[in-house]
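A.B. asks: First to last, the sequence lines map onto chains A and B.
The numbers in numbering that gives the first Met the number 0 rise by one with no breaks, and the one at position 179 of the first sequence is 178.
The numbers in numbering that gives the first Met the number 0 rise by one with no breaks, and the one at position 178 of the second sequence is 177.
C-beta: ideal position from N, C-alpha, C; glycine also.
Number of protein chains: 2
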Amino acid sequence: MEPVQSEEAGLAPEASEAPDGQVLGKMIRDARKEKGLTLEEAAKAAAIGRSTLSKIENNQTRPSFEIIRRLMRTLELETPQLFVQSAQSSISGRRDYTLAGRGEHQETKTYDHELLCTELTSKRMLPYISTIKARDVTEYDSWVRHRGEEFMYVIRGDLVLYTEHYRPLAMSAGDSVYYDSGMGHGCVSTSDEDAQVLWVSLEI
Amino acid sequence: MEPVQSEEAGLAPEASEAPDGQVLGKMIRDARKEKGLTLEEAAKAAAIGRSTLSKIENNQTRPSFEIIRRLMRTLELETPQLFVQSAQSSISGRRDYTLAGRGEHQETKTYDHELLCTELTSKRMLPYISTIKARDVTEYDSWVRHRGEEFMYVIRGDLVLYTEHYRPLAMSAGDSVYYDSGMGHGCVSTSDEDAQVLWVSLEI
DNA sequence: GGGAAAAGTTTCCTATAGGAACATTGTGGC
DNA sequence: GCCACAATGTTCCTATAGGAAACTTTTCCC
C-alpha cells in the first residue's frame, strides 16, 4: 500500500514548524523566572545540570524528551503548548456523550448499584455509583471478583475495603483506591449510615 | 559507564534511565499499530529514521524532545499522558493496591491535576482529581484531546463542559458524563469558586 | 569606584542519540 | 519443505547532548 509517500520535500510543512524549537528556550526561561528560580536552583530541582539548562534556554541544544519532562514538572509548565496542536483529524463523534442520569439499577443485600451511563456497547469503562448499606460487619459474603481493574472513590461515609491479598483498608470521603478486581474484594460501611462510592471498572 | 554521579540533592536516584521509558515505547508502538503503519511508513511520515523508531519502541534509547514531538503529530498522540508516567519502580506480578494520596501534581492556568494513583505502568485507567479554576469564560484555550475514553464526575462546583461536537453541557455536583476524549473538550467553572471533578481516563 | 559573591555562559570531554547499512525474523505462495 | 519479500532488529559510525569546571557577567554592598 502506498502511504502518503511524499519525497523528503513532502515533509517540508513539518519542517516549517521548526520555529517553536526557537520558542522552547524562551518558554522555559520565562517559566523559571516566573517562579523566581536561578539556573542553579531550577536545574537542581529538575535533576539536570546547570549548564544544560542554560543551553536549553538559549536554544543551543536539542534536549531529550526526558529532560524536558523533568523541567515541565519542576516548572509546572503547561504541556499542550509545547507541542504544536496540529490540525486534526477524524475523531469519530460516534461515541456518545450523555449526561449520565438514570441508568440501570441493581440492588442486593449489601449494595445498591446505579449505572452512570447508558449504551454500554460503545464504552469500555463501566462507571457506577453504589450505596453500601450500613450493616453488621460480621455477616460476610463471599468475595466479589471480576477479571479486570477497578478504581473506587468514596463520595461519602466511612467504610472498609476488604481484599483477598491485603489488609483491610479504612477509607473515608475523598479517598480512592485502585486495584486488580480479579482479587476478591468487598466493602463494609463502618458508620451508622450508608456509604456511597463511585466505581469505575474496566474488564480485561 | 557512569558519569561521576554525585549524590546530588537526593533527587538523583530516581532520575536515571530506565524508569518511564518502559511506557513510552509501548505507547508509541500501540499508537503506530492503531494507525496501521509499519515502522518504515511511520518513520518516514515523522521524518525520522526507521531504526530510530524501532529503538524508541523497544525502549533502547532516550529520544530527544524534537523526535517525540514529530512522532506525536504523526501518530496523533496526546500530550498529558506522556508526561504523567513518572519514575517508578518495581511491581510485582500483582497489581498493587494503594490508598491514593500522593500522586503527581500538575498545575496549569486552568486546571490543577492530582493523580490518584502511583505506579502507572501496571494500570490501564488513569484516575485523577482536577480543580477547575474559576475564571473568565471568555479566555479560551485550545481543546484538550487524547485518544481514548473518559469518564467525568463532578465532585463539587458548577461547570460547563465544552466539546468539539456537541453543545456545551452544564453540570453540577453529582453529575457525570462519559465521552470520547479524542473529541476536543474543556471545562470552565461557572460559579465564583473552583470546581472539582474526578476524571478516569482510558487510553486506546 | 572596588571587589566579592552570585548568576549565567562557554569549554571540554564522554556517553549516547540518530541514521544507513546489514542481519534477522516473520509470512505467504508454491 | 523452500523461496521470495516484507517487517522488524541490530551494528556501526558520526554528531551531539549533558554535565563539571573554567570563565564571564551581573549584582550588590562598602
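#1: Verify whether the separation of the beta carbon atoms of residue 159 of chain A and residue 172 of chain A is less than 9 angstroms.
#2: State the DSSP-derived secondary structure class of residue 192 of chain A, mapped to helix, strand or coil.
#3: I'd like to know if residue 63 of chain B contacts chain A, where contact means its C-beta is closer than 9 angstroms to some C-beta of that chain.
#4: Does residue 37 of chain A come out as helix, strand or coil in the three-state DSSP assignment?
#5: In whole angstroms, what separates the C-alpha of residue 184 of chain B from that of residue 126 of chain A?
#6: Can you grab the Cα-Cα spacing for the pair residue 198 of chain A / residue 59 of chain A, in whole Å?
#7: How many whole angstroms separate the CB atoms of residue 45 of chain B and residue 69 of chain B, which I take to be in contact at a CB cut-off of 8 angstroms?
#8: Tell me, which residues are paired with residue 185 of chain A by DSSP?
#9: How about residue 128 of chain A and residue 188 of chain A: do their beta carbons lie closer than 9 angstroms?
#10: Quick check: the Cα distance between residue 200 of chain A and residue 56 of chain A, rounded to an integer number of angstroms?
#11: Measuring straight from C-alpha to C-alpha, what distance separates residue 35 of chain A and residue 71 of chain A?
#12: Under 8 angstroms between beta-carbons, which chain B residues line up against residue 171 of chain A? List them in chain order, please.
#13: Which residues in the same chain as residue 157 of chain A place their Cβ atom closer than 6 angstroms to its Cβ, once the five residues preceding and following it in sequence are excluded?
#14: Check whether the Cβ atoms of residue 64 of chain B and residue 63 of chain A lie closer than 9 angstroms to each other.
#15: Tell me, to the nearest whole angstrom, how far the beta carbon of residue 74 of chain A is from that of residue 41 of chain A; I am working on the premise that it is less than 8 angstroms.
#16: Pull out every residue of the segment 144 to 158 of chain B whose Cβ sits closer than 7 angstroms to any Cβ of chain A, in chain order.
#17: Just checking my contact of residue 148 of chain B with residue 124 of chain A at CB under 8 angstroms: how many whole Å lie between their CB atoms?
#18: Straight-line CA distance for residue 33 of chain B to residue 53 of chain B?
#19: Quick one: is residue 199 of chain B near chain A, going by C-beta distance under 9 angstroms?
#20: Using a Cβ-Cβ cut-off of 7 angstroms (strictly less than) and excluding sequence neighbours within five positions of residue 96 of chain A, which residues of its own chain qualify?
#21: Determine the extent of the beta strand (DSSP E) in which residue 155 of chain B is found, giving its start and end residues.
#22: Can you grab the Cα-Cα spacing for the pair residue 28 of chain B / residue 179 of chain B, in whole Å?
#23: At least one CB of chain A closer than 9 angstroms to the CB of residue 131 of chain B: is that the case?
#24: For chain A, check one thing: does any of its Cβ atoms lie closer than 9 angstroms to the Cβ of residue 124 of chain B?
#25: When you compare the CB of residue 23 of chain B with every CB in chain A, is at least one pair closer than 9 angstroms?
C.D. replies: Answer, in terms of the structure:
#1: It is not a contact, given that the beta carbons lie outside the stated cut-off.
#2: DSSP places residue 192 of chain A outside both helix and strand once states are collapsed to three, so it counts as coil.
#3: Yes, because at least one Cβ of chain A sits closer than 9 angstroms to the Cβ of residue 63 of chain B.
#4: Looking at residue 37 of chain A - three-state DSSP - the assignment turns out to be coil, as it is neither helix nor strand.
#5: So the two alpha carbons sit approximately 20 angstroms from each other.
#6: Straight-line measurement puts the Cα of residue 59 of chain A at about 49 angstroms from the Cα of residue 198 of chain A.
#7: Confirmed, about 4 angstroms.
#8: Within the DSSP secondary-structure output, residue 185 of chain A pairs in a beta bridge with A:161.
#9: Taking a C-beta distance under 9 angstroms as the contact criterion, residue 128 of chain A and residue 188 of chain A do not qualify as a contact pair.
#10: For residue 200 of chain A and residue 56 of chain A, the distance between alpha carbons rounds to 44 angstroms.
#11: Answer to the nearest angstrom: the Cα atoms are 15 angstroms apart.
#12: Ordered by position in chain B, no residue passes the 8 angstroms Cβ test against residue 171 of chain A, which lies about 11 angstroms from the chain.
#13: The beta carbon of residue 157 of chain A lies closer than 6 angstroms to those of 171, 189 and 190 in the same chain, with the five residues before and after it left out.
#14: Contact check for residue 64 of chain B against residue 63 of chain A passes: the beta carbons are separated by less than 9 angstroms.
#15: In this structure residue 74 of chain A is in contact with residue 41 of chain A, their Cβ atoms being roughly 7 angstroms apart against a cut-off of 8 angstroms.
#16: Flagged, chain order: 148, 150 and 152.
#17: Contact holds; Cβ gap of about 6 angstroms.
#18: Using only the alpha carbons, I get a separation of about 16 angstroms.
#19: By this cut-off, residue 199 of chain B is an interface position.
#20: Legend: pLDDT at residue 96 of chain A = 33, less than 50; position of this residue unreliable, value from coordinates given subsequently. Nothing meets the Cβ criterion.
#21: Note, residue 155 of chain B: beta strand (DSSP E), 147 to 155.
#22: Near 21 angstroms, if we compare the C-alpha coordinates of residue 179 of chain B and residue 28 of chain B.
#23: Not an interface residue.
#24: Any Cβ of chain A closer than 9 angstroms to the Cβ of residue 124 of chain B would place that residue at the interface, and such an atom is present.
#25: Chain A places a beta carbon closer than 9 angstroms to that of residue 23 of chain B, counting this residue as a contact.
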